[in-house]
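Protein chains in written order, with the numbering used here: chain A, 1 to 330; chain B, 1001 to 1330.
Don't be surprised by glycine CBs; every beta carbon is placed ideally from N, CA and C.
What follows is a short report on a single structure.
2 protein chains.
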Amino acid sequence: MAERLNVSPSTISRALQNHPSIGKKMTAEVHKLAKKLGYYPNSVASNLRRNKTNVIGVIIPRIDRYYQSSAISGIEEVASKAGYYVIIFQSNNSYEREKENARMLLASQADGIIACLALETNNYDHLAVFKENNIPLVFFDRVCYEIETHKVIIDDFGAAVKATEHLISIGCRRIAHIAGNQKMAIFRDRLRGYQETLKKNNIPLEEELICFTEDLSSEEGDAATQKFIEMQVPPDGIFCSNDPCAIGVIQKIKKAGLSVPNNIAVVGFGNTPTSLIIEPALTTIDDHAFEMGQAAARMVIRQIEESQENVDSETIIIQNDLIIRDSTLK
Amino acid sequence: MAERLNVSPSTISRALQNHPSIGKKMTAEVHKLAKKLGYYPNSVASNLRRNKTNVIGVIIPRIDRYYQSSAISGIEEVASKAGYYVIIFQSNNSYEREKENARMLLASQADGIIACLALETNNYDHLAVFKENNIPLVFFDRVCYEIETHKVIIDDFGAAVKATEHLISIGCRRIAHIAGNQKMAIFRDRLRGYQETLKKNNIPLEEELICFTEDLSSEEGDAATQKFIEMQVPPDGIFCSNDPCAIGVIQKIKKAGLSVPNNIAVVGFGNTPTSLIIEPALTTIDDHAFEMGQAAARMVIRQIEESQENVDSETIIIQNDLIIRDSTLK
DNA sequence: ATAATTTACGCAATCGTTTGTGTAAATTAT
DNA sequence: ATAATTTACACAAACGATTGCGTAAATTAT
């Protein structure tokens, strides 16, 4: 392009990347001209030649959920700082869409993939393809243990233990749990943390105090609470596997004329902005979504750049915090 | 690639796109083989040759805001259905980052751009570049009137009129307004809608009832409310230019021992999920963020695909609704 | 059976960079 | 002043698909 005004085809390329074998005056001149003409190398051609797109593909359930958009925000921050583009695909929790997303991502020659699994997904061939093609793949949050690859998670079990122990510490003895879809490991782990903690504290496990939901919506929280408060001996504490559900629970308890936390204390999971707005403010687990995104991005970029075959699948566990608010402050 | 197993270089290409000049059996065979080998054409090479990337670049302030992520969700939905990828850049409301984003997007040869301006931005050269390079550009929400291009907005003025008239209709006579950053047209329009409505209803405009904020945060809502309730005659209604600010306002009013809506009615803007959780539930304007994203994406894709020079800059105005809830139900 | 037409595919240039290799000119060493 | 080096750039072949054009083979028309 700019070669016409001076004389040289490949010299331009080298000058623009400050290659040592190009004279300083030449280099300077090229840079100046490029700026004047507003010239930027065509990255498509460059990608083709270098066999690298600087694209990180992200497959997630829904971008308009707080957890997800925070994680993406973290991904985008470190990616863009490192010169990578982020392409986002939403699976809407549909297996078919996730497969389609993976196909598009494969065709688009992304350098690396970050994925958070859809609820429906229980076959992982469409993602295993990336490993086969030697494309770095990092899971976060809703990971898949069937593929040996890098993962970023939080200690869901430990977080659930913390939450349940907190309820016990404030005097709750009849603690219910509203569990998420058991197809996902994160929700199984949270349930397990709840159960183990009760056992360790010699509190009998009662099946009727565990409510299994499809997607932990506010409505499901509402319905579960209905059943709980109709019991002869209602629970005095409820640990919900996410915040939206906990919000539904609190609203229902209040609507029934009961008090949170005096009659029933409530703990959520996720520390969404809503947890600060509900009254009483919700005690919850901060899962550090933004940091998880950052960690996943750093991980995938590292793999891209050290194309070493150090394929030891590594798992990063991000810290989580129990944030105590009024919903458990008697 | 696949040519080795049969015999042909370009025939593969044509067969894969079902070109009529290729025999049916040949075409079928190629498809079958491609599936078996898991072969997908290298889209980078294809992009280079066709001079098209199927990428839509999106520049927005922050993805982890509900309005933005909803809009992106809308964009992504129609884009992916039409075979486009969405690349997202966050400006963090910084002019410098927005410029950098635009530069990267230009280098990446995106087919079209959708942008929502950063707060800081008041020079638009970095975006005008797209027009100069004949790359379709669509603004949404925070648009820029200095560049003649396509836009998707809501009728902010009309929405503010609706909100203010609603406050008047429930009996408010001393109505305050918490205004957003006046560098943005949307916030100027909302202020104007408020002012005009008062005038039309013969309610005197009082400067002290208008509070200008930097970014309409909850904290600024809190601070503004403090001043309002300290007045000899406090307002009996407050119209806030967004929901987070309105939440801060409501929380402050309650903390002061006053009632919403009986002492002061409150109207927000945006219909974020939090507006349903605050007590009392917040009356607000639903700005249909998802539909705005969809409209913007359809618009940019239409421009990409009809590369006609019908450059009449068109403006789509998305409907908005006043949603009446308890914060104005006396 | 020959000519005219259609069908089905191969050739080769092209998209705009990058990069290994080659080579004049400029510099340094002897 | 000649030889040995270094410096600074040009040549040309990739990267992998797309596509206008050309041409054998197959079909149809006369």
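Using a 10 Å radius around the Cβ and a threshold of 16 neighbouring Cβ atoms, would you call residue i buried or exposed?
i	result
HIS31(A)	exposed
ALA1296(B)	buried
MET292(A)	buried
ASP64(A)	buried
LYS1151(B)	buried
VAL161(A)	buried
LYS25(A)	exposed
VAL266(A)	buried
ASP1189(B)	buried
PRO1261(B)	buried
GLU220(A)	buried
GLN1226(B)	exposed
ALA28(A)	exposed
LYS999(B)	Outside the displayed span of chain B (1001 to 1330) sits residue 999(B), for which this structure offers no information.
SER1021(B)	exposed
Which whole-angstrom value describes the C-beta separation of residue i and residue j, a residue pair presumed to lie in contact below a C-beta threshold of 8 angstroms?
i	j	result
TYR85(A)	ILE1087(B)	5 angstroms
HIS1177(B)	PHE1239(B)	5 angstroms
THR1315(B)	ILE1170(B)	The Cβ separation is near 33 angstroms, so there is no contact.
ILE1247(B)	THR1284(B)	With 8 angstroms as the limit, ILE1247(B) and THR1284(B) do not qualify as a contact, their Cβ atoms being about 10 angstroms apart.
ARG1298(B)	VAL1058(B)	Contact flag wrong, Cβ pair sits at about 14 angstroms.
THR1053(B)	ALA1110(B)	6 angstroms
GLU279(A)	GLU1279(B)	6 angstroms
ASN1320(B)	ILE1153(B)	About 10 angstroms; that fails the 8 angstroms criterion.
THR1197(B)	THR1164(B)	4 angstroms
Can you determine whether any heavy atom of the ligand FMN sits closer than 7 angstroms to the C-beta of residue i, and answer yes or no?
i	result
SER1073(B)	Absence of the ligand FMN from the depicted structure is noted, as is the absence of any ligand whatsoever, leaving it without description.
Measure the C-alpha to C-alpha separation of residue i and residue j and round it to an integer number of angstroms.
i	j	result
ASN1018(B)	LYS1035(B)	15 angstroms
SER313(A)	VAL1055(B)	32 angstroms
PHE1269(B)	ASN1242(B)	4 angstroms
LEU117(A)	SER91(A)	8 angstroms
ARG1325(B)	ILE168(A)	38 angstroms
VAL1249(B)	ASP1222(B)	5 angstroms
GLY237(A)	ILE1203(B)	51 angstroms
ARG103(A)	ASN1101(B)	27 angstroms
GLN1232(B)	ILE264(A)	42 angstroms
LYS199(A)	GLY158(A)	15 angstroms
GLY193(A)	HIS1166(B)	50 angstroms
ALA107(A)	THR1274(B)	39 angstroms
ILE1175(B)	GLU1207(B)	11 angstroms
THR1213(B)	ILE12(A)	49 angstroms
LEU37(A)	ASN1134(B)	16 angstroms
SER259(A)	VAL1300(B)	52 angstroms
ALA256(A)	ALA224(A)	13 angstroms
LYS254(A)	CYS1211(B)	35 angstroms
CYS245(A)	SER1070(B)	21 angstroms
ALA1082(B)	LEU205(A)	51 angstroms
THR218(A)	GLU306(A)	Contrary to the premise, residue 218(A) reads as Ser rather than Thr in this sequence. The alpha-carbon atoms of SER218(A) and GLU306(A) are separated by roughly 44 angstroms.
GLN216(A)	PRO1234(B)	Looking at the sequence itself, residue 216(A) is Leu, so the reference to Gln does not match. The alpha-carbon atoms of LEU216(A) and PRO1234(B) are separated by roughly 42 angstroms.
SER80(A)	LEU1105(B)	12 angstroms
ARG173(A)	PRO1061(B)	47 angstroms
Can you give me the Cβ contacts of residue i inside the same chain, cut-off strictly under 6 angstroms, excluding the 5 residues immediately before and after it?
i	result
THR1272(B)	TYR1066 and ASP1243
LEU1191(B)	ALA1179
GLY74(A)	PHE290, GLY293 and GLN294
PRO1136(B)	GLY1112, VAL1300, GLN1303 and ILE1304
ASP156(A)	ILE186, ASP189 and ARG190
HIS126(A)	LYS99 and ALA102
LYS1252(B)	ASP1222 and THR1225
PHE1089(B)	ILE1059 and ASN1101
PHE228(A)	ALA176, PRO234 and PRO235
Among the residues of its own chain, which have a CB less than 7 angstroms from the CB of residue i, if the five just before and after it don't count?
i	result
ARG1097(B)	SER1091
PHE1187(B)	ALA1179, GLY1180, ASN1181 and SER1241
THR121(A)	TYR95 and GLU98
GLN1195(B)	LEU1205
In chain order, what residues of the same chain have a beta carbon less than 8 angstroms from the beta carbon of residue i, not counting five sequence neighbours either side?
i	result
MET1184(B)	LEU1117, LEU1119 and ARG1142
TYR1124(B)	CYS1144, GLU1146 and ILE1147
ALA1281(B)	SER1275, ARG1325, ASP1326 and SER1327
ILE1318(B)	VAL1152, ILE1153, ILE1154, ASP1287, HIS1288, GLU1291, MET1292 and ALA1295
If contact is defined by three or more beta carbon pairs under 8 angstroms, each pair taking one atom from either stretch, is the segment 1139-1148 of chain B in contact with the segment 1109-1128 of chain B? Counting Cβ pairs under 8 angstroms, three or more are found: they touch.
May I ask you to verify whether the segment 1042-1049 of chain B touches the segment 42-49 of chain A, counting CB pairs closer than 8 angstroms and requiring at least 3? Cβ pair count under 8 angstroms is three or more, so yes.
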